[in-house]
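Presented below is the structure to which this report refers.
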Amino acid sequence: MNEWDETTDVLVAGSGAGGVTGAYTAAREGLDVILIEATDKFGGTTAYSGGGGMWFPCNPVLLRAGTDDSIDDALEYYTAVVGDRTPKALQETYVRSGAPLIEYLESDELLKFTLLPWPDYFGKAPKARADGMRHIAAKPLKVAAAPALRELVRGPLDADRLGRPQPEDYFVGGRALVARFLAASEKYPHFSARRNTALTELVVDDGAVVGAIVETDGQRRAIRARRGVLLAAGGFEHNDDMRQRYGVPGNSRDTMGPSGNRGLAHLAAMAVGADTDLMDQAWWSPGLTHPDGTSAFALWFTGGIFVDDNGRRFVNESAAYDRLGREILAAMDAGTVTLPLWMIYDDAEDGVPPVKATNVSMVEPARYVDAGLWRTADTLEQLAAEIGVPPQNLVDTVTRFNEFVRRGSDDDFGRGDEPYDRAFSGGAPPLYPIERAPFHAAAFGVSDLGTKGGLRTDTGARVLDAADNVIAGLYAAGNTMAAPSGTVYPGGGNPIGTSMVFSHLAVLDMKEGVSHE
1 MNEWDETTDV LVAGSGAGGV TGAYTAAREG LDVILIEATD KFGGTTAYSG GGGMWFPCNP
61 VLLRAGTDDS IDDALEYYTA VVGDRTPKAL QETYVRSGAP LIEYLESDEL LKFTLLPWPD
121 YFGKAPKARA DGMRHIAAKP LKVAAAPALR ELVRGPLDAD RLGRPQPEDY FVGGRALVAR
181 FLAASEKYPH FSARRNTALT ELVVDDGAVV GAIVETDGQR RAIRARRGVL LAAGGFEHND
241 DMRQRYGVPG NSRDTMGPSG NRGLAHLAAM AVGADTDLMD QAWWSPGLTH PDGTSAFALW
301 FTGGIFVDDN GRRFVNESAA YDRLGREILA AMDAGTVTLP LWMIYDDAED GVPPVKATNV
361 SMVEPARYVD AGLWRTADTL EQLAAEIGVP PQNLVDTVTR FNEFVRRGSD DDFGRGDEPY
421 DRAFSGGAPP LYPIERAPFH AAAFGVSDLG TKGGLRTDTG ARVLDAADNV IAGLYAAGNT
481 MAAPSGTVYP GGGNPIGTSM VFSHLAVLDM KEGVSHE
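One point on numbering: in UniProt numbering, the residue at position 422 of the sequence shown is 422, and numbering is uninterrupted.
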């Protein structure tokens, strides 16, 4: 590159949890940093998270609350769940780095965190925590404390999907995390954040990444990065061509990621030799299908059962959402489930599906009925005809399930056997009868929280090529990085937590590394 339009120490692509953590770290460590965001709002997928949780065992927030957990126990749990699918060193780096990161961040008065107990997602794995004491979140932030950010931080989902007004009182969940980092970063004069600016190419000199080409409103600019480029730009869930190429089930319509997550950072890195892994993977969930045709991430089922094409149960409906989503995908691969998938429930809630966390709010019930998404019949036999399954099978399935409810034990799929299953039922088995006519069926699809396949990195978040050589000057985190958790989702707050940890480590490595003068 003969001519640069701009020069900085660190260029960060993406403004979700990873991007803002990396940019904040750079600014605090005295580096010039430019944060770019491809869309018109900051926050990425993080800003859509209602909880905005982080899985950081033994961090100071948890220690102050009296946890008796240990890092070794947390590591035993995490590695038992993830297995050998990803490098053990990468797994250990994540588990051990969360607590020091929170200690580092809490020294800034603008970065405050609170308990958000959330059980681990594999309750029968060794050293799993049923009490949720590995999980924290950012404290809510008054909008009045950062009023300029109210219109700049993405979300909540209802604002973007349904046109609802943004909250005027507090940033909460993932929005609070992003807003706090942006407010904290703005204290430093060498921090700059830009929207509507996408990274489209990386510039390489003598084998090292020395900058990038970014595009704003069709105008291209070359930004030199003396210390390095951090790619924390989310996944490629909104790129249907890439989903098809790498075999990611579903389509962009049903993802919960923002529209800017098109994999541009992935493609730019691959063009300069970056290796990838887990490209067929995503963070899955069942999705309640809405009248606009989208199936959006849903959890907290206070009743209902899922049935396959034969009218039979096939899954623990109260399992952690990624596990449940993967079971649905497996049944689809086996040919026993086709979409829409149907949830069967009774009239205990006047025809509304027993789903308490739809993430995108339900609209008027009549719209679901008119769209054929909610079906009703006086008998189970009639309901079976409505959804195209064998009537006797559905009757037998509901009869058998109701007997499990009566006994308080699901002999078929263990619904309620793990702590997460009981997280929304006051600790009791989440077994509710289907006996009050009329009977109902609600359509579901498969949703995702974003893809989790991406660039392979070492423990310093340095991007690797196919021969395991470091590509100097190039770093990745979050859903642009191949997830340390591999093909599983160990616990709530893993996506945000890993993104923050490896972005932070990337910038610390840049600070100690070679400057490309």
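Note that CB positions come from ideal geometry on N, CA and C, so glycine has one too.
- Around the beta carbon of Glu327, a 10 Å sphere encloses 16 or more other beta carbons of the protein chains shown; the residue is thus reported as buried.
- DSSP places Thr255 within a strand segment (E or B) once states are collapsed to three.
- Residue burial is scored here from C-beta neighbours: Thr8 has at least 16 other C-beta atoms within 10 angstroms and is therefore classed as buried.
- In chain order, Gly234, Gly235, Glu237, His238 place their CB closer than 6 Å to the CB of Asn261, counting only its own chain and leaving out the 5 sequence neighbours on each side.
- Under the three-state reduction of DSSP output, Met343 falls in the strand class.
- In the same chain as Ala183, and ignoring 5 residues on each side of it, the C-beta atoms closer than 6 Å to its own belong to Leu110, Ala146, in chain order.
- For Pro286, the uninterrupted beta strand (DSSP E) segment begins and ends at 282-289.
- In this structure, Gly155 and Gly43 form a Cβ contact; the two beta carbons are roughly 6 Å apart against a cut-off of 8 Å.
- The closest CA to that of Asp206, considering only Gly491, Met500, Gly473, Asp254, is found on Gly473.
- Between Arg422 and Asp412, the gap from beta carbon to beta carbon reaches 9 Å or more.
- Val143 and Glu168 do touch by the CB rule: their CB atoms are close to 6 Å apart, below 8 Å.
- Note that the C-beta distance between Trp300 and Phe122 is not below 9 Å.
- In this structure, DSSP gives Leu111 a state outside helix and strand, which the three-state scheme calls coil.
- In the DSSP assignment, Arg400 falls within the alpha helix (DSSP H) that extends over 391-407.
- Non-local beta-carbon contacts of Arg194 in its own chain, meaning distances under 8 Å to residues more than five positions away in sequence, involve Ile34, Leu35, Ile36, Glu37, Thr216 in chain order.
- In the three-state scheme derived from DSSP, where H, G and I count as helix and E and B as strand, Leu141 is classed as strand.
- Straight through space, the alpha carbons of Ala296 and Arg243 are spaced by roughly 18 Å.
- According to DSSP, Met54 shares a beta bridge with Ile136.
- With fewer than 16 neighbouring CB atoms inside 10 Å of its own CB, Leu162 falls in the exposed class.
- Per the DSSP secondary-structure output, Phe171 pairs in a beta bridge with Leu141.
- Counted as a single uninterrupted DSSP element, the alpha helix (DSSP H) harbouring Val507 occupies residues 494-512.
- In this structure, the CA atom of Val405 is about 9 Å from the CA atom of Ile434.
- With fewer than 16 other Cβ atoms from the protein chains shown falling within 10 Å of its own Cβ, Val363 counts as exposed.
- Annotation: Arg245 is outside any beta strand (DSSP E); the continuous alpha helix (DSSP H) that includes it extends over 240-246.
- Taking all protein chains shown into account, Glu512 has fewer than 16 neighbouring C-beta atoms within 10 Å of its C-beta and is therefore exposed.
- A distance of 9 Å or more separates the beta carbons of Asp509 and Arg221.
- As the crow flies, the alpha-carbon of His135 is around 16 Å from that of Val172.
- Spanning the alpha carbons of Ile344 and Gly304 requires a straight line of approximately 5 Å.
- Its Cα nearest to that of Tyr77, the residue Pro490 stands out among Thr498, Ile496, Leu505, Pro490.
- Per the C-alpha coordinates, the member of Gly98, Thr338, Arg375 positioned closest to Ala74 is Gly98.
- Inclusion of Leu199 and Val463 in the CB contact set at 9 Å is not warranted, their separation being larger than that value.
- With 16 or more neighbouring CB atoms inside 10 Å of its own CB, Asp346 falls in the buried class.
- If only uninterrupted alpha helix (DSSP H) runs of at least 4 residues are considered, those enclosed by the region 65-121 are 71-82, 88-106.
- By the Cβ criterion, the region 362-377 is in contact with the region 435-448, since at least three pairs of Cβ atoms, one from each stretch, lie closer than 8 Å.
- Around the C-beta of Lys452, 16 or more other C-beta atoms lie within 10 Å, and the residue is accordingly described as buried.
- Straight across, the Cα-Cα distance linking Gly416 with Asn402 is about 15 Å.
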